[in-house]
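Residue numbers (the numbering used here): 21 to 668.
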């Protein structure tokens with residue numbers, strides 16, 4: 021019950037946040053279409069017979085429900101807006117508020133008015149009213165066109181009581197007796213699919229898989245290749261965006277920038293969306309595999325293996341990267357301000373909730389098109405960076421900061437090590453790695469005390485992390501859900517969803533969604549992540565050409581290394597130019613920029629060979645040496661699945 025309630029709260033909050041523009045638009049339409057309030061309230065019977073006020077968008081003329089007549093399709097009392105809302109079932113959306121209040125759940129028997137509950141057989145009534153009513157269930161899907169059925173009856177009231185209601189009660193009782201989280205998720209997915217595409221399909225639109233699709237990667241080659249390409253291109257986008265912001269003046273500072281530079285600024289302005297892709301894919305690769313292993317082996321064993329995978333994934337790259345940064349600083353290959361952070365000045369912008377670190381003669385811009393060469397850090401870094409840098413900026417290079425960055429404390433307790441500001445996202449990742457197993461144990465553990473303890477610990481961690489980091493955990497969880505889903509779309513539908521993804525990403529980029537990850541950006545980012553998940557889960561079954569697959573694997577192979585080391589490598593190259601900016605008016609500047617980016621990619625690739633490329637080998641070695649982990653590799657069946665899991 022606790023896990024179901026937590027899921028209801030999180031999903032309802034996310035739904036209200038994501039759909040808030042639509043809800044406001046529909047409310048305004050209802051008010052303009054007919055006199056009266058936008059919302060309709062009606063007394064319904066809830067859990068254990070307790071009455072509550074259900075919320076809906078008003079679909080009939082104000083006061084029309086007082087005559088007690090049952091509503092049917094093409095009801096003359098329905099307004100123009102109401103008929104459209106009923107046809108698309110959007111009048112039920114305000115019930116997300118009922119879910120937050122605790123009156124209802126997302127999934128459960130539909131709540132009836134008291135006069136219909138009086139017709140429930142006593143034994144059935146006790147079963148049906150033992151759980152919270154829901155927005156959707158199997159009966160709601162079965163009788164999606166209930167209004168059309170009742171319209172054809174001579175006496176709609178009699179038809180409902182003696183033909184429709186008895187069948188609904190059978191569905192209600194069956195749900196209560198067999199309810200589970202998997203069943204709830206399946207009902208929700210079928211509900212969304214039915215609303216979007218209708219109920220008439222020769223094959224299921226949405227299927228829930230029993231295990232992560234990585235376990236079947238030999239049959240999903242196209243999907244594995246797409247994930248590889250997304251990982252590689254996302255890392256490339258981040259590196260290209262940061263390099264462009266470092267070596268060129270801000271676009272907003274130029275009065276008449278050449279067309280090629282405007283194009284470059286636009287194409288390298290998707291770093292925000294690239295990090296969002298990392299969060300979704302991390303949930304898919306990490307969370308999906310953990311669900312598989314926690315089902316296939318004892319929980320303690322799955323947790324030990326999970327901890328080993330997470331530690332080796334992070335530290336195999338981070339430790340060598342930190343040593344590289346220290347070596348470059350010691351050798352003088354980094355700009356003076358990077359090796360001596362005390363030279364920095366920290367500028368805090370309260371209105372934007374960000375902190376900008378301005379370097380003396382050698383600054384960088386992390387995101388956007390800054391008017392000056394400043395580095396704008398995420399909002400959750402602002403206070404920490406300002407306080408620490410103001411007291412002693414050298415802590416960015418201290419041993420305690422290095423240790424803090426290894427365990428995900430950057431932006432929370434310490435600054436990013438060596439002023440390598442992209443490391444902020446690894447704090448999010450690290451704590452998502454902690455939160456997810458706690459939620460799984462809270463939902464699956466046999467002992468009640470263990471479930472409560474894990475739920476309480478997860479709540480405490482989420483509270484300490486703050487609203488922004490915890491909010492983006494929803495994006496990570498979307499990736500976990502995607503690992504168990506299959507959308508069977510036609511080729512046309514797949515391309516329509518991909519087009520929608522590109523359009524939304526472009527609109528967000530043009531709208532300035534290219535900076536911090538805050539609660540303000542969470543709603544649009546959830547929409548973009550949802551579109552990405554739909555596209556990932558609907559990839560066709562065909563296998564791409566070998567060259568395409570090999571290129572994707574090549575780019576993905578050193579994507580994490582590129583993300584971690586591109587800033588120190590770029591600063592090293594920039595130091596040899598004495599911090600001089602490239603001139604957008606000179607065509608040769610593009611060639612210099614491209615050459616610098618190519619050098620960064622080449623150096624990152626070479627650096628990954630002895631470290632990131634050996635992650636899988638290191639894991640297998642440790643499993644052979646550590647007790648209780650020797651035979652875990654048997655869980656991973658296909659070589660392609662093993663490569664994907666090693667990448668996680």
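Heads up, the beta-carbon is just placed ideally off N, CA and C, and yes, glycines get one too.
From which residue to which residue does the alpha helix (DSSP H) around residue 579 run?
579-595
Leaving out five residues before and five after residue 456 in sequence, what residues of the same chain have Cβ atoms less than 6 angstroms from its Cβ?
307
Can you check whether the CB of residue 454 is closer than 8 angstroms to the CB of residue 721?
Residue coverage of the chain in this structure runs from 21 to 668, which leaves residue 721 outside it and unanswerable.
Work out the CA separation of residue 25 and residue 541 for me, nearest whole Å.
26 angstroms
Leaving out five residues before and five after residue 158 in sequence, what residues of the same chain have Cβ atoms less than 7 angstroms from its Cβ?
191, 195, 207
Looking only at its own chain, which residues have a Cβ that is under 7 angstroms from the Cβ of residue 132, when we skip the five neighbours before and after it?
64, 65
Count the other CB atoms, across all protein chains shown, that sit within 10 Å of the CB of residue 584; report buried if there are 16 or more and exposed otherwise.
buried
Return the first residue and the last residue of the alpha helix (DSSP H) that residue 75 is part of.
Where residue 75 is concerned, there is no enclosing alpha helix (DSSP H), although the beta strand (DSSP E) it sits in stretches over 71-77.
Across the stretch 338-353 and the stretch 484-502, are there enough close Cβ pairs to call them in contact, namely three or more that are closer than 8 angstroms?
no
Please classify residue 126: does DSSP put it in a helix, a strand, or coil?
strand
Under a three-way DSSP split, which group does residue 480 fall into?
helix
Roughly how far, in whole angstroms, is the beta-carbon of residue 76 from the beta-carbon of residue 111, given that I think they are within contact range, below 8 angstroms?
5 angstroms
Going by other Cβ atoms of all chains shown within 10 Å of its Cβ, with 16 needed for buried, is residue 52 buried or exposed?
exposed
Leaving out five residues on either side along the sequence, give the residues of the same chain with a beta carbon under 7 angstroms from the beta carbon of residue 39.
113
Rounded straight-line distance, which links the Cα of residue 569 to that of residue 589:
28 angstroms
Could you tell me whether the Cβ atoms of residue 258 and residue 295 are closer together than 8 angstroms?
yes
Uninterrupted alpha helix (DSSP H) stretches inside the stretch 439-470 (no shorter than 4 residues)
444-464
What are the residues that DSSP puts in a beta bridge with residue 247?
Per DSSP, none; premise fails for residue 247.
Throw me the rounded Cβ distance for the residue 431 and residue 447 pair, which I believe falls under 8 angstroms.
5 angstroms
Could you compute how far the alpha carbon of residue 237 sits from the alpha carbon of residue 244?
Bear in mind that the predicted position of residue 237 carries a pLDDT of just 46, short of 50, making it unreliable; the figure below should be weighed with that in mind. So the alpha carbons of these two residues sit roughly 7 angstroms apart.
What does residue 506 pair with, by DSSP beta-bridge criteria?
227
Cα-Cα, which of 289, 255, 254 is closest to residue 265?
289
What did DSSP end up calling residue 197 once you bin it into helix, strand or coil?
helix
When we look at the beta-carbon of residue 251 and count the other beta-carbons within 10 Å, is it buried (16 or more) or exposed?
buried
Nearest to residue 645 (by Cα), restricted to the options 274, 328, 316, 575
328
Counted within 10 angstroms of its Cβ, other Cβ atoms place residue 202 as buried (16 or more) or exposed
exposed
Going by DSSP in three states, residue 343 sits in which element: helix, strand or coil?
helix
Please state whether the Cβ-Cβ distance between residue 523 and residue 547 is less than 8 angstroms.
no
Would you call residue 326 buried or exposed, if buried means 16 or more other Cβ atoms sit within 10 Å of its Cβ?
buried
Using a Cβ-Cβ cutoff of less than 7 angstroms, which residues in the same chain neighbour residue 619 once the five nearest sequence positions on both sides are dropped?
593
So is residue 532 buried or exposed if we call it buried at 16+ other beta carbons inside 10 Å?
exposed
Of the residues 230, 476, 537, 282, which one's Cα is nearest the Cα of residue 501?
230
Residue(s) in a DSSP beta bridge with residue 60:
76
Buried versus exposed call for residue 34 [16 or more other C-beta atoms within 10 Å across all chains shown]
buried
Closest residue to residue 627 among 341, 37, 124, 321 (Cα-Cα distance):
341
With 16 other CB atoms within 10 Å as the buried threshold, where does residue 389 fall?
With a pLDDT of 47 at residue 389, under the threshold of 50, the predicted position of this residue should be treated as unreliable, though the coordinate-derived value follows. Residue 389 should be labelled buried.
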